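Novice: First, the structure itself, so that you have it in front of you.
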Ligand SMILES: Cc1cc2nc3c(=O)[nH]c(=O)nc-3n(C[C@H](O)[C@H](O)[C@H](O)COP(=O)(O)OP(=O)(O)OC[C@H]3O[C@@H](n4cnc5c(N)ncnc54)[C@H](O)[C@@H]3O)c2cc1C
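In the numbering used here, the protein residues as written are 260 to 561.
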């Protein structure tokens, strides 16, 4: 039986030849909560892609401010993107597929309106008929059949991912989810297995990097981790602390843990992408497996 790490590596390897840029049209843009907007896109271009695991994510290639459609690059034989002359590069931002309907080919993403970065600015202004580019998908979760119980740990940027993971479980799956949000206004009604323990942790004004809520909640868990599978998605420093605790102090088996920095304090997504790409290329030059998530994880959590 594959572990979450093995299956994600296999999927990444399998989908690599399909990587290309796709386009989609915006269909709807609605306010879900004071800090969350749901943008729905539709595209025939999603046919045939290796998509469908919970928490799958795409890089949305956002048009620069003032434009309604992005100029998309093509992928060269070296695997690198290149733009036509005079093109204005789009702004890449990662968002989770909250819902995909294969009939209508509609896809929802939930965008956290956390500040004035390009993601929230786009979500605040985008209108039906606008276009967006897509690159991916990136796989984030797989439920290993032998997992005895699941631990899900994430902040509001990972709330869409956790929501899709909870929805995907069988009714009798044993799961604990710790979800950190700003305040009670961010709490959603989530579909989940019968006995799921969903614990909402509110920052109430504290910075996500200083709240310590997720690490404290995981440290407070009083149960053995034998046979457990854990998924962690949050700010890089928070993920680093929770990951170390699970591996070093709880003895969680490394292949049963998927941890990803969904954002990094003080860094834009573009700056992080650059850091990760540099680390990735260095590791490849040293002979690393390009499909090994650990290759980029190290740079991402640094
Ligand atoms: C696989 C994956 C899936 C993701 N899915 C989602 C999703 O479904 N919904 C979603 O909203 N986000 C999601 N994220 C996180 C999102 O991609 C990042 O938060 C991204 O930085 C947003 O871009 P931006 O334009 O808002 O801010 P950026 O321009 O990247 O950053 C501007 C500033 O805001 C800070 N910042 C970035 N994100 C946050 C945050 N969440 N809270 C507080 N400060 C922040 C940065 O440190 C920086 O100082 C996902 C990330 C990954 C890797």
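Cβ atoms here follow ideal geometry from the backbone N, Cα and C, with glycine treated the same way. Fair warning: this is a prediction, and the values are worked out from it, not measured in the lab.
Of the choices 425, 395, 472 and 285, whose alpha-carbon is the least far from that of residue 384?
Specialist: Along the chain shown, one-based indexing puts residue 384 at 125. Closest by alpha carbon: 285.
Novice: Here's a check: name, in chain order, each residue in its chain whose Cβ is nearer than 6 Å to the Cβ of residue 330, leaving out the five neighbours to either side.
Specialist: Here residue 330 refers to the residue found at position 71 of the chain shown. These residues qualify, in order along the chain: 346 and 347.
Novice: Would you kindly check if the distance between the Cβ of residue 351 and the Cβ of residue 515 is under 8 Å?
Specialist: As a first step, residue 515 is located in the chain shown; it is residue number 256 there, counting from the start. As a first step, residue 351 is located in the chain shown; it is residue number 92 there, counting from the start. In this structure, residue 351 does not lie closer than 8 Å to residue 515 by Cβ.
Novice: Are residue 489 and residue 472 closer than 8 Å when you measure CB to CB?
Specialist: In the chain shown, counting from the first residue as 1, residue 489 sits at position 230. In the chain shown, counting from the first residue as 1, residue 472 sits at position 213. No. Outside cutoff.
Novice: Taking the alpha carbon of residue 325 as the point to measure from, which residue in 271, 367, 381 and 343 has its own alpha carbon closest?
Specialist: Locating residue 325 in the chain shown gives position 66, where the first residue counts as 1. With distances taken between Cα atoms, residue 325 lies closest to 381.
Novice: On the DSSP bridge assignment, give the partners of residue 320 in chain order.
Specialist: If you number the chain shown from 1, residue 320 lands on position 61. Paired residue(s): 351 and 392.
Novice: Span of the alpha helix (DSSP H) holding residue 475?
Specialist: The count along the chain shown starts at 1 and reaches residue 475 at position 216. Unbroken alpha helix (DSSP H) run through residue 475: 472-478.
Novice: Would you mind sorting residue 341 into buried or exposed? The rule is 16 or more other CB atoms within 10 Å of its CB.
Specialist: Walking along the chain shown from the start, residue 341 turns up at place 82. Per the 10 Å Cβ criterion, exposed.
Novice: With the cut-off set at 8 Å, would you say residue 521 and residue 492 are in Cβ contact?
Specialist: Stepping through the chain shown from its first residue, residue 521 is reached at position 262. Stepping through the chain shown from its first residue, residue 492 is reached at position 233. Yes, the Cβ-Cβ distance between residue 521 and residue 492 is below 8 Å.
Novice: Would residue 466 pass as an interface residue toward chain D - the criterion being a Cβ-Cβ separation below 8 Å?
Specialist: Given the protein chain composition of this structure (a single chain), no chain D is represented.
Novice: Could you tell me how far apart the beta carbons of residue 439 and residue 453 are, in whole angstroms, since I believe they sit closer than 8 Å?
Specialist: For the purposes of this step, residue 439 is taken as residue 180 along the chain shown, with counting starting at 1. For the purposes of this step, residue 453 is taken as residue 194 along the chain shown, with counting starting at 1. Contact doesn't hold; Cβ gap of about 24 Å is too wide.
Novice: Out of 283, 270, 378 and 497, which one is the CA nearest neighbour of residue 323?
Specialist: On the chain shown, residue 323 is found 64 positions in, with the first residue counted as 1. The option with the nearest alpha carbon to residue 323 is 378.
Novice: Tell me whether the beta-carbon of residue 405 lies closer than 8 Å to the beta-carbon of residue 435.
Specialist: Within the chain shown, numbered from 1, the residue matching residue 405 stands at position 146. Within the chain shown, numbered from 1, the residue matching residue 435 stands at position 176. Contact: no.
Novice: Near residue 365, which residues of its chain fall below 8 Å by C-beta distance, leaving aside the five closest residues on each side in sequence?
Specialist: Here residue 365 refers to the residue found at position 106 of the chain shown. So the list reads 286, 299, 300, 301, 358 and 359, once near-sequence residues are dropped.
Novice: If you count every other CB in all the chains shown that lies within 10 Å of the CB of residue 343, and 16 or more means buried, which is it?
Specialist: Your numbering for residue 343 matches position 84 in the chain shown. Answer is exposed; the Cβ neighbour count stays below 16.
Novice: Alpha carbon to alpha carbon, how far is residue 356 from residue 469?
Specialist: Locating residue 356 in the chain shown gives position 97, where the first residue counts as 1. Locating residue 469 in the chain shown gives position 210, where the first residue counts as 1. Roughly 28 Å between the two C-alpha positions.
Novice: Tell me whether residue 544 is buried or exposed, calling it buried when 16 or more other Cβ atoms sit within 10 Å of its Cβ.
Specialist: The residue labelled residue 544 in the question sits at position 285 within the chain shown. Counting Cβ neighbours within 10 Å, residue 544 comes out exposed, since fewer than 16 surround it.
Novice: Please report the straight-line C-alpha distance between residue 449 and residue 316, rounded to a whole angstrom.
Specialist: For this step, residue 449 is matched to residue 190 along the chain shown. For this step, residue 316 is matched to residue 57 along the chain shown. If I take the Cα positions, the gap works out to 19 Å.
Novice: Quick check on residue 362: does DSSP put it in helix, strand or coil?
Specialist: As a first step, residue 362 must be located in the chain shown, where it is residue number 103. Here residue 362 sits in coil by DSSP.
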